[in-house]
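Throughout the sequence shown, residue numbering follows my numbering, covering 391 to 659 in sequence. Even glycine gets a Cβ: it sits at the ideal position worked out from N, Cα and C. The structure appears below as structure tokens.
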Amino acid sequence: MEYTSGVASWRKVLRRAVVGLLPRRSAERRPGWSVGVPLIALAAGLLFTTTATTAGGTSLREDRRPELAQLIEDRREQVASGQQRAAALRDRVESQTEALAGSDDRVAAQRDRAAASREAAGFTALTGPGITVELDDAPQQGDGMATGDASNDDLVVHQGDVQAVVNALWAGGAEAMTIMGVRVLSTSAVRCVGNTLLLHGQNFSPPFQITAIGDPAALQRALAESEGVRLFKNAVTHYQLGYREAVEPSVTMPAYDGPGGLRSAKVPG
């Protein structure tokens, strides 16, 4: 529809409607509906003229989903750019600290003290035996619906499911851990947005893989004793969600490269 021609045509309708409202010279009494028709035409003309002017040649019902997708993509690029700047700043701090340590004994002493704790804190790469746990959504049928009368919430992995596995592995003595190949600490936050996992500004889709370095037998016992993991295994039986444990004879994990500061902390009462 061309709004420019539409405005012109409706201006003609307005003129005709106004002319129709003027009293005729005929002495005949005009029926009531003959007066109403020009009024309706006048109102419709005003409505279409206002719509055309407001739209300015564009569609008023334009789909906003492309704009939302672009907004998400822009935000991802901003997060990636921020992470690159943060990594560059950390490298500068490390370089300047190393330079100062060569001429200042106090800086050198504190640097050595921090270096002794880097491995335990997760800021160095680590290799060793461990276990991998994989969580996955329920499979879909050909018509896009899962079997049974389950709701959508029953058929997907939730934040609490991932957190239950992570907590069990830490409790089982895990020395290091990755989620989707990203090194995490005991203070790392696990968030789910819909059926995707949000970790350190990155989005991951299922299946979700959690790998921990430690005594495989102790880690498996901790998983078996976890109430949250048992509940998820029950859902696996009833709703066909995916759960897999695999012993890793040797796995290498990268160093944690995220922010190391705490925003808040609470001591259990």
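Kindly give me the distance between the Cβ atoms of residue i and residue j, rounded to whole angstroms, as I take these residues to be in contact under 8 Å.
i, j, result
"Val-580", "Gln-553", "5 Å"
"Pro-597", "Val-637", "With 8 Å as the limit, Pro-597 and Val-637 do not qualify as a contact, their Cβ atoms being about 18 Å apart."
"Leu-525", "Val-556", "The pair is not a contact, with the Cβ atoms about 11 Å apart (cut-off 8 Å)."
"Tyr-629", "Asp-502", "53 Å between Cβ atoms; not a contact."
"Leu-559", "Ala-614", "With a Cβ gap of about 12 Å, Leu-559 and Ala-614 do not count as contacting."
"Leu-631", "Asp-527", "7 Å"
Find out if the Cβ-Cβ distance for the pair residue i, residue j is shorter than 8 Å.
i, j, result
"Gly-562", "Gly-604", "yes"
"Gly-550", "Gly-618", "yes"
"Ala-478", "Asp-647", "no"
"Gly-591", "Gln-460", "no"
"Val-626", "Tyr-633", "yes"
Note down, in chain order, each residue of its chain lying with its Cβ closer than 6 Å to the Cβ of residue i, except the 5 sequence neighbours on either side.
i, result
"Val-497", "Leu-490 and Ala-491"
"Val-515", "Looking at the sequence itself, residue 515 is Ala, so the reference to Val does not match. Pro-644 and Ala-645."
"Ser-595", "Thr-586"
"Val-574", "Met-567"
"Ala-540", "Tyr-629"
"Phe-622", "Asp-551"
"Glu-457", "none"
"Leu-588", "Arg-581"
Per DSSP, what are the beta-bridge partners of residue i in this structure?
i, result
"Gln-486", "For Gln-486, which the question treats as bridged, DSSP gives no partner whatsoever."
"Ala-602", "Ile-521 and Met-567"
"Gly-632", "Asp-526"
"Ala-641", "With the sequence shown as reference, residue 641 is identified as Val, and Ala is not the correct amino acid for it. Val-641 pairs with Gly-518."
"Asn-593", "Leu-588"
"Arg-503", "Answer is none; Arg-503 lacks a bridge partner."
"Val-574", "Met-567"
"Arg-581", "Leu-588"
Within the same chain, show all residues whose beta-carbon is closer than 7 Å to that of residue i, passing over the 5 residues directly before and after it, in chain order.
i, result
"Gln-599", "Thr-522, Glu-524 and Met-570"
"Gln-610", "Ile-521 and Glu-635"
When we look at the beta-carbon of residue i and count the other beta-carbons within 10 Å, is it buried (16 or more) or exposed?
i, result
"Gly-584", "exposed"
"Ser-616", "buried"
"Asp-481", "exposed"
"Ala-470", "exposed"
"Leu-437", "exposed"
Cβ of residue i less than 8 Å from any chain D Cβ?
i, result
"Asn-593", "The displayed structure is made up of one protein chain only, and chain D is not part of it."
Once the 5 residues before and after residue i are set aside, which same chain residues still bring their CB inside 8 Å of it?
i, result
"Ala-564", "Gly-520, Ala-602, Ile-603, Gly-604 and Leu-609"
"Glu-488", "Arg-501"
Indicate, with yes or no, if the ligand FMN has a heavy atom lying under 7 Å from the CB of residue i.
i, result
"Thr-568", "Annotation note on the ligand FMN: not contained in the displayed structure, which lists no ligands."
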